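A.B. asks:
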Amino acid sequence: MPWDESLVNSLVYDEPDPKQGRVLSYVQSLNEALRIALEDNESVIVMGQGVDDPSAMFGSTKGLQDRFGESRVFDTPLSEEGMMGVCTGAAMRGLRPVYMHNRPDFILLAFNQLITHAAKCHFMDNGLTQVPLVVWAAIGRGWGSGAQHSQAIQGLLMGVPGLKILMPSTPYDAKGLMLQAIQDNSPTIIFEHRWLMKKNGFVPEGKYLVPIGQGVCRREGEDLTIVGASHAIELAYQASKLLAADGVDVEIIDLRSIQPIDDQLIEDSIRKTGRLLVVDTGWAIGGVCAEIGFRAVEKWFSYLKGAVRRVGLPDVPTPAGYALEQHYYPTAQNIVDVVKDMCRK
Amino acid sequence: MVQYPYEGQGFKDWSGALEKYSDSFLIDLFYKMLRIRLIEEEIENRYFDDLMKTPIHLVIGQEATAVGACAALSTSDLLYSGHRTHGAYLGKGGDLKKMLSEMHCKANGCAGSRGGSMHLIDPDVGMAWSSAIVGGAIPIATGAALASQYKSDQNVTMVFFGDGGTEEGVCSESLNFASLKQLPIIFFCENNFYSVQSPLRTRQSQRDIFRWAEGHGINSSVVDGTNVLEVYEATKSAVEKIRDGGGPHFIEAKVYRFRAHGGAGDDSQTGYREVEEREMWERHCPVESYYSFLDQNNLGIKSQRPELQKQIEQEIRDCFEHALKSPEPKKADLFKYVYAD
Chain A
0 MPWDESLVNS LVYDEPDPKQ GRVLSYVQSL NEALRIALED NESVIVMGQG
50 VDDPSAMFGS TKGLQDRFGE SRVFDTPLSE EGMMGVCTGA AMRGLRPVYM
100 HNRPDFILLA FNQLITHAAK CHFMDNGLTQ VPLVVWAAIG RGWGSGAQHS
150 QAIQGLLMGV PGLKILMPST PYDAKGLMLQ AIQDNSPTII FEHRWLMKKN
200 GFVPEGKYLV PIGQGVCRRE GEDLTIVGAS HAIELAYQAS KLLAADGVDV
250 EIIDLRSIQP IDDQLIEDSI RKTGRLLVVD TGWAIGGVCA EIGFRAVEKW
300 FSYLKGAVRR VGLPDVPTPA GYALEQHYYP TAQNIVDVVK DMCRK
Chain B
0 MVQYPYEGQG FKDWSGALEK YSDSFLIDLF YKMLRIRLIE EEIENRYFDD
50 LMKTPIHLVI GQEATAVGAC AALSTSDLLY SGHRTHGAYL GKGGDLKKML
100 SEMHCKANGC AGSRGGSMHL IDPDVGMAWS SAIVGGAIPI ATGAALASQY
150 KSDQNVTMVF FGDGGTEEGV CSESLNFASL KQLPIIFFCE NNFYSVQSPL
200 RTRQSQRDIF RWAEGHGINS SVVDGTNVLE VYEATKSAVE KIRDGGGPHF
250 IEAKVYRFRA HGGAGDDSQT GYREVEEREM WERHCPVESY YSFLDQNNLG
300 IKSQRPELQK QIEQEIRDCF EHALKSPEPK KADLFKYVYA D
């Protein structure tokens, strides 16, 4: 078994009760979303290096080429910038490309077309064209992914006007946000997390949409608000169970969309708890943590009982080695420690 | 020393070919080139009034590529361009009023004053988009060609870029993808030998650009970019093959800009190229050499020219006046179209 498969298989999540609804894994729900989108709209095409290979983007594109043909689901050259431009041009002419990457690190090769073209075309031409493009990648972590295969680059992109950025944390949202992103007329990036791919959850059959820009409260609590997205929500949830045992009751806000951000949901929660911790899979500097933290100070300062804190990556590139990794990535226990410290003050 | 002498043959061998064109077609090519020349000269004349608060990249000297290539396209065919977009826009039939309003930063500009002179667009006539990043429009045009192939809409896509554009990685990436998928696209390289002030010899090895393109498995050719008929024929041949189901084509046209990379006036005297070199190419001016050719072949152009010129000058005056009188965009306009509805 490939190393990353065995790592992801070893992760333990709360299991949903199948009696209460249909259970799918995260990757199965993505596969279903893409199938529905391809069935639903002839303009949808799915492309990316390896979408038709046996690994099929962690399984998310499995079987799609057989079902929809090579003109709609196809492998691409390793030309990330060129293909991002091809997707942009095709989207401007009425197609709805879903351009998939194994890792966000490869999107860095395409920044010129993504940031300087796709994100701005609609604005620059006064609305004459639209770029209904979905860019998808799964953040890697662990077992040697290292500095060049684990980058969570959402923070770099939050400051680019014109992009929407989605970071689902459940199979339900993975499907609903993918379908919404494909239907959206603006360029939309979906950052998945490798460690969520085998997480199970309730996923309704058929088409449903999760609106972009709306977060959701995952756990109600009175003492402190934790805001984040994607795998950071899983860590926060694990931390909340440990904290509950110690009598600390946290509220967890899953942003789902980090651009645009659901300000109202955060505000309502801070108004209640008076304390804010922001968690993210990316670097704490300049990204989700920094932006939400600043908004809190700027807009909701009067509700705060103490300083806003953050748990993200340190200002260091990802180390490849196992021992160093253990000191690099935040854990549920890190979140517990910070929360306890905040509540003590 | 002249680094890049004119090496073309002009219209030397073209008299015999004239019978296949109608007089009106031949005169129309002249009219369109003259119109672009006069528009560009007027923009240049007025540039230091500072009412056009936009960078400009004049196509004076490069009119034959825009006019000759666009004459081979139909209105629904798509054209993409780099930063030097005035010729492409006008060649494809873009609205002059909207262009000059855009350059005067007015609300009724072709891009609502969000683009400026490097982003002239007119979807009604297939002037699809342009990018100010060198090479940036090449993959976007390739994607448009992919969409045409996917939808079987019979459109041909063409993209203009310069010699510098071929140095960008995306150019090679796009040629490979277009060749792989046999896309209905013409890559049109206007090789004017200089990227800003950097000569080709400091940027590329000594080989022909079209030969390099050929290495991607693409049908490639080179033309004298000062000869509007040669440009037209090469493009027409490519368009016909593509409409018959052929794959992508690459055309290199050797041209010369008579002005600086950007702004008004020439900058040869700064020393990066010889004034003598520009003067050599000016003797093969695409507008005047074609005019002489038509005149020598008794097309009656001499008697028509004053009237054509008068017409164009009146149109230009009217369009400038329209632009100057047009309203400016409002603060609320700034926040439109960040996201699409």
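Heads up: the sequence lines are chains A and B, in that order. Heads up: the first sequence is residues 0 to 344, going by numbering that gives the first Met the number 0. Heads up: the second sequence is residues 0 to 340, going by numbering that gives the first Met the number 0. In this text, a Cβ means the ideal position worked out from N, Cα and C, and glycines have one as well. Small disclaimer: the values here were computed from a predicted structure and weren't measured.
(1) Please report the straight-line C-alpha distance between residue 0 of chain A and residue 209 of chain A, rounded to a whole angstrom.
(2) Give me the Cβ distance between residue 76 of chain B and residue 155 of chain B, rounded to the nearest whole Å; I'm assuming they're in contact under 8 Å.
(3) When DSSP labels each residue in this structure, what does residue 10 of chain B get in the three-state scheme?
(4) CB-CB under 7 Å to residue 302 of chain A, same chain, minus the five flanking residues each way: which ones, in chain order?
(5) Applying a beta-carbon distance threshold of less than 8 Å, which residues of chain A neighbour residue 122 of chain B?
(6) Quick one: which residues of the stretch 47–76 of chain A get their C-beta closer than 7 Å to a C-beta of chain B? List them in chain order.
(7) Taking C-beta pairs closer than 9 Å, name the residues in chain A that residue 251 of chain B reaches, listed in chain order.
(8) Which same chain residues, not among the five before or five after residue 296 of chain B, have their C-beta less than 8 Å away from its C-beta?
(9) When we look at the beta-carbon of residue 127 of chain A and count the other beta-carbons within 10 Å, is it buried (16 or more) or exposed?
(10) Among the candidates B:260, B:298, B:46, B:323, whose CA atom is the shortest distance from the CA of residue 29 of chain B?
(11) If contact is defined by three or more beta carbon pairs under 8 Å, each pair taking one atom from either stretch, is the stretch 320–328 of chain B in contact with the stretch 266–274 of chain B?
(12) Taking three-plus beta-carbon pairs below 8 Å as touching, is the stretch 31–39 of chain A in contact with the stretch 220–235 of chain A?
(13) Applying a beta-carbon distance threshold of less than 9 Å, which residues of chain B neighbour residue 180 of chain A?
(14) In terms of residue numbering, what span does the alpha helix (DSSP H) encompassing residue 279 of chain A cover?
(15) Count the other CB atoms within 10 Å of the CB of residue 274 of chain B; is the residue buried (16 or more) or exposed (fewer)?
(16) So that I know if they touch, is there some Cβ in chain B lying closer than 8 Å to that of residue 248 of chain A?
(17) Please state if the CB of residue 97 of chain A and the CB of residue 181 of chain A are separated by a distance shorter than 8 Å.
(18) Residue ranges of each alpha helix (DSSP H) run of no fewer than 4 residues wholly in the stretch 223–307 of chain B, ordered along the chain?
(19) Alpha carbon to alpha carbon, how far is residue 57 of chain B from residue 260 of chain B?
(20) Could you please give the first and the last residue of the uninterrupted beta strand (DSSP E) stretch that includes residue 79 of chain B?
(21) In three-state terms, what does DSSP make of residue 164 of chain A?
(22) If you measure from the beta carbon of residue 78 of chain A to each beta carbon in chain B, is any gap under 8 Å?
(23) Could you give the DSSP three-state label for residue 196 of chain B: helix, strand or coil?
(24) Which of the three DSSP states, helix, strand or coil, is assigned to residue 262 of chain A?
(25) Residues of chain B with CB closer than 7 Å to the CB of residue 345 of chain A, please, in chain order.
(26) Should residue 138 of chain B be flagged as near chain C, meaning a C-beta pair shorter than 8 Å?
(27) Which residue wins for smallest C-alpha separation from residue 183 of chain B, given the options B:197, B:167, B:149?
(28) I'd like to know if residue 124 of chain A contacts chain B, where contact means its C-beta is closer than 8 Å to some C-beta of that chain.
(29) State the beta-bridge partners of residue 23 of chain A as determined by DSSP.
(30) What do you get for residue 178 of chain B, buried or exposed, if any count of 16 or more other CB atoms within 10 angstroms of its CB means buried?
(31) Check whether the stretch 97–113 of chain A and the stretch 78–87 of chain A are in contact - that is, three or more C-beta pairs closer than 8 Å.
(32) What are the residues in the stretch 158–174 of chain B lying within 7 Å of chain A by C-beta distance?
(33) Distance check for residue 6 of chain A and residue 195 of chain A, CA to CA, integer angstroms please.
(34) Leaving aside the five residues before and after residue 105 of chain B along the sequence, list all residues of the same chain whose C-beta is less than 8 Å from its C-beta, in chain order.
(35) Against residue 89 of chain A, what residues of chain B qualify as contacts under a CB-to-CB distance less than 8 Å, listed in chain order?
C.D. replies: Per the coordinate set shown:
(1) Start at 1 with the first residue of the first sequence, and residue 0 of chain A comes out as number 1. Start at 1 with the first residue of the first sequence, and residue 209 of chain A comes out as number 210. Bear in mind that the predicted position of residue 0 of chain A carries a pLDDT of just 45, short of 50, making it unreliable; the figure below should be weighed with that in mind. Residue 0 of chain A and residue 209 of chain A: Cα-Cα distance of roughly 34 Å.
(2) Working through the second sequence from its first residue, we reach residue 76 of chain B at position 77. Working through the second sequence from its first residue, we reach residue 155 of chain B at position 156. The pair is a contact, with the Cβ atoms about 5 Å apart (cut-off 8 Å).
(3) Start at 1 with the first residue of the second sequence, and residue 10 of chain B comes out as number 11. Here residue 10 of chain B sits in coil by DSSP.
(4) Taking the first residue of the first sequence as 1, we reach residue 302 of chain A at position 303. For residue 302 of chain A, where only same-chain residues beyond five positions count, the Cβ hits under 7 Å are 269, 270, 273.
(5) The sequence position of residue 122 of chain B within the second sequence is 123, counting from 1. Simply 127, 128.
(6) 70, 76
(7) Working through the second sequence from its first residue, we reach residue 251 of chain B at position 252. Per Cβ cutoff of 9 Å: no residues; residue 251 of chain B is ~20 Å from chain A at best.
(8) What you label residue 296 of chain B is simply residue 297 of the second sequence in a count that begins at 1. For residue 296 of chain B, where only same-chain residues beyond five positions count, the Cβ hits under 8 Å are 14, 17.
(9) In the first sequence, residue 127 of chain A corresponds to position 128, counting from 1. It counts as buried.
(10) Position 30 of the second sequence, counted from the first residue, corresponds to residue 29 of chain B. Of the listed residues, the one whose Cα sits closest to residue 29 of chain B is B:298.
(11) no
(12) no
(13) Position 181 of the first sequence, counted from the first residue, corresponds to residue 180 of chain A. Within 9 Å Cβ-Cβ: nothing; residue 180 of chain A doesn't reach chain B, min ~13 Å.
(14) Locating residue 279 of chain A in the first sequence gives position 280, where the first residue counts as 1. Per DSSP, residue 279 of chain A belongs to no alpha helix (DSSP H); it is in the beta strand (DSSP E), 275–282.
(15) Residue mapping note: residue 274 of chain B aligns to position 275 of the second sequence, counting from 1. Flag for residue 274 of chain B reads exposed.
(16) Stepping through the first sequence from its first residue, residue 248 of chain A is reached at position 249. Cβ-Cβ to chain B under 8 Å: no for residue 248 of chain A.
(17) Locating residue 181 of chain A in the first sequence gives position 182, where the first residue counts as 1. Locating residue 97 of chain A in the first sequence gives position 98, where the first residue counts as 1. Yes, the pair counts as a contact, with Cβ atoms nearer than the cut-off.
(18) 227–242, 274–281, 285–295
(19) Taking the first residue of the second sequence as 1, we reach residue 57 of chain B at position 58. Taking the first residue of the second sequence as 1, we reach residue 260 of chain B at position 261. Approximately 8 Å, taken between the alpha carbons.
(20) Residue numbering aside, residue 79 of chain B sits at position 80 when the second sequence is read from its first letter. Element bounds for residue 79 of chain B: 77–80.
(21) The count along the first sequence starts at 1 and reaches residue 164 of chain A at position 165. It is a strand residue.
(22) By one-based count along the first sequence, residue 78 of chain A stands at place 79. Taking Cβ atoms only, chain B reaches closer than 8 Å to residue 78 of chain A, which makes this a yes.
(23) Walking along the second sequence from the start, residue 196 of chain B turns up at place 197. It is coil, neither helix nor strand.
(24) In the first sequence, counting from the first residue as 1, residue 262 of chain A sits at position 263. Note: residue 262 of chain A maps to helix in three-state DSSP.
(25) Lying outside 0 to 344, the shown extent of chain A, residue 345 of chain A is not represented and no answer is given.
(26) This model lacks chain C altogether; the protein chains it does include are A and B.
(27) Start at 1 with the first residue of the second sequence, and residue 183 of chain B comes out as number 184. When only C-alpha atoms are compared, the closest one is B:149.
(28) Position 125 of the first sequence holds residue 124 of chain A. Residue 124 of chain A counts as touching chain B.
(29) Taking the first sequence and counting its residues from 1, the one referred to as residue 23 of chain A is at position 24. DSSP, once it has assigned bridges, lists A:200 as partnering residue 23 of chain A.
(30) The sequence position of residue 178 of chain B within the second sequence is 179, counting from 1. With 16 or more other Cβ atoms within 10 Å, it is buried.
(31) yes
(32) 168, 169, 172, 173
(33) By one-based count along the first sequence, residue 195 of chain A stands at place 196. By one-based count along the first sequence, residue 6 of chain A stands at place 7. Cα to Cα, the separation comes out at about 11 Å.
(34) Counted from its first residue, the second sequence places residue 105 of chain B at position 106. These residues qualify, in order along the chain: 112, 322, 325, 326, 327, 328.
(35) Translated into the one-based positions of the first sequence, residue 89 of chain A becomes position 90. Within 8 Å Cβ-Cβ: 142, 143, 145, 146, 149.
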